[in-house]
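Numbering (the working numbering), first residue to last: 660 to 778. Read through the structure below, which is laid out as structure tokens, and then see the notes.
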């Protein structure tokens, strides 16, 4: 199945549709169920990009900034950057997850070291 490509206008229209909270209820339930695995994917992506290593030094530097106003700006900047990266990785994973789910039936047979879903 060839990958479908979308125009900027199609993406804008889809994002507009997502502004209706009712449209997101099922997605929220799915994401809540998948949260531990998604967190692992996020951490792996951030670690692979060197972000987690760099963040440790940046946090130490931000925490030690003087005066207080500079420290607040530095911490807010770190939080904004982490949020932005998390959103980018999350959107990328969500986009690919949607493609996988749309590609057809998946084999849901548990592997020997995988517990069946209890929800």
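All C-beta atoms in this analysis are idealised placements derived from N, C-alpha and C, irrespective of residue type, glycine included. On a predicted model such as this, the values are computed, not experimentally measured, just so you know.
Rounded to whole angstroms, what's the CA-CA distance from residue i to residue j? Just pull it up for me.
{"i": "residue 734", "j": "residue 763", "result": "44 angstroms"}
{"i": "residue 702", "j": "residue 680", "result": "28 angstroms"}
{"i": "residue 672", "j": "residue 678", "result": "10 angstroms"}
{"i": "residue 725", "j": "residue 692", "result": "42 angstroms"}
Take residue i as the anchor and find which of the options has the nearest alpha-carbon.
{"i": "residue 706", "options": "744, 761, 689, 760", "result": "744"}
{"i": "residue 664", "options": "754, 768, 760", "result": "754"}
{"i": "residue 686", "options": "771, 760, 766, 770", "result": "760"}
I'd like to check one pair, residue j with residue i: are the Cβ atoms closer than 9 angstroms?
{"i": "residue 721", "j": "residue 737", "result": "yes"}
{"i": "residue 748", "j": "residue 704", "result": "yes"}
{"i": "residue 714", "j": "residue 741", "result": "yes"}
Would you mind giving the Cβ-Cβ distance between residue i and residue j, rounded to the nearest angstrom? I have them listed as a contact below 8 angstroms.
{"i": "residue 683", "j": "residue 752", "result": "Not really, about 16 angstroms apart at Cβ, beyond 8 angstroms."}
Over the uninterrupted alpha helix (DSSP H) stretch that includes residue i, give me the two end residues.
{"i": "residue 695", "result": "684-707"}
{"i": "residue 665", "result": "No alpha helix (DSSP H) holds residue 665; DSSP gives it neither H nor E."}
{"i": "residue 753", "result": "727-761"}
{"i": "residue 711", "result": "710-722"}
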